[in-house]
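Beneath this line is the structure, given in structure tokens, with notes to follow.
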């Protein structure tokens, strides 16, 4: 009996290969975690969606003359692009709660400058021949539109406690006071069971019975960030970073090294911390 012909090797589907690569890299998970930590998310997008709906229904700023389909698409393009601009602006300017006011005021001025051209481009994109933009009138409308979005965002952030976070511990009996460390000399806080180890920039440390969640609330106004489920570091204490296999370690001025988990890797990278340690 003749030997049967060898079966050709099975071809793997490019789609399956791409999906396996996507899952293996964990890119989707990291991207989603980064988006969830983006300043203003999801309040910014909810506010923009609300403004889009209001402007579409009411035909604000003279757009009532547009057919419904064109008006819907026009405001979708304009509000969508505006939300993208503001999200990028917040990513670049907001690091702690007290940054919101300056970021909002600065963005209201800078991001409104190109708005006349953006309105013209959005109008042309939906098939409307727009005349040259009236700069003063357009900027006035921009402030009004921005006010609607800002009002919605402020209400949502205030309701969730993100705009005006509550301090769990008073300064006189909080973690820093009990550890006898000032904000200027604080290097990091690490959770150890029901305790928090507070490290100073001079290398000394104190172990205090304290909840890590309460510690995060206390240092919420300081320039720093959570980098692990049980670790917070001060921005001024970070001298650089180094790789340990597949993970990153932040090198602090007190000589200690703190691991950065995948959940907080995007924030650490955005802050410029993942660099070679300073000599």
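Numbering (the numbering used here), first residue to last: -7 to 271.
Glycine included, C-beta positions come from ideal geometry on N, C-alpha and C.
Here the structure is a predicted model, which is why all the values come from computation and not from measurement.
- Of the residues assessed, residue 175 falls on the exposed side of the cut-off, its CB having fewer than 16 other CB atoms within 10 angstroms.
- Look at residue 48 here: in three-state DSSP terms it is helix.
- Beta-bridge annotation (DSSP): residue 197 is paired with 191.
- Within a 10 Å sphere around the beta-carbon of residue 63 sit 16 or more other beta-carbons, which makes this residue buried.
- In the DSSP assignment, residue 72 falls within the alpha helix (DSSP H) that extends over 60 to 85.
- Rounded to whole angstroms, the separation of the alpha carbons of residue 110 and residue 65 is 14 Å.
- Between residue 204 and residue 222, the CB-CB gap stays under 8 Å.
- The segment 260 to 271 and the segment 220 to 236 touch, with no fewer than 3 CB-CB distances between them shorter than 8 Å.
- By alpha-carbon distance to residue 228, the top candidate from 179, 116 and 220 is 179.
- Using a Cβ-Cβ distance cut-off of 8 Å, the segment 45 to 57 and the segment 94 to 101 are not in contact, since fewer than three pairs of beta carbons, one from each stretch, lie closer than that value.
- For residue 118, the CB contacts under 6 Å within the same chain, skipping 5 residues up- and downstream, are 62, 65 and 66 in chain order.
- Excluding its 5 nearest sequence neighbours in each direction, residue 70 has C-beta neighbours in its own chain below 6 Å: 114, listed in chain order.
- Selection 172, 209 and 185 evaluated against residue 191 yields 172 as nearest (Cα-Cα).
- Residue 48 counts as buried, since at least 16 other C-beta atoms from the protein chains shown sit within 10 angstroms of its C-beta.
- One alpha carbon belongs to residue 165, the other to residue 184, and they sit about 20 Å apart.
- Counting C-beta atoms within 10 angstroms of its own C-beta, residue 199 has fewer than 16 neighbours from the protein chains shown and is therefore classed as exposed.
- Between the C-alpha atoms of residue 85 and residue 212 there is a straight-line separation of about 16 Å.
- Residue 256 sits away from residue 225, with the two beta carbons spaced by 8 Å or more.
- Distances from the alpha-carbon of residue 108 to those of 168, 182, 92 and 133 put 133 closest.
- By the CB criterion at 8 Å, residue 73 and residue 36 fall outside the cutoff.
- If you draw a 10 Å sphere on the C-beta of residue 39, you find 16 or more other C-beta atoms in it, and that means buried.
- Around residue 51, the same chain offers 57, 58 and 63 as residues with beta carbons nearer than 8 Å, after the five sequence neighbours per side are excluded.
- Residue 251 is a Cβ neighbour of residue 239, given a cutoff of 8 Å.
- With a cutoff of 8 Å on beta-carbon distance, residue 188 and residue 168 are scored as not near each other.
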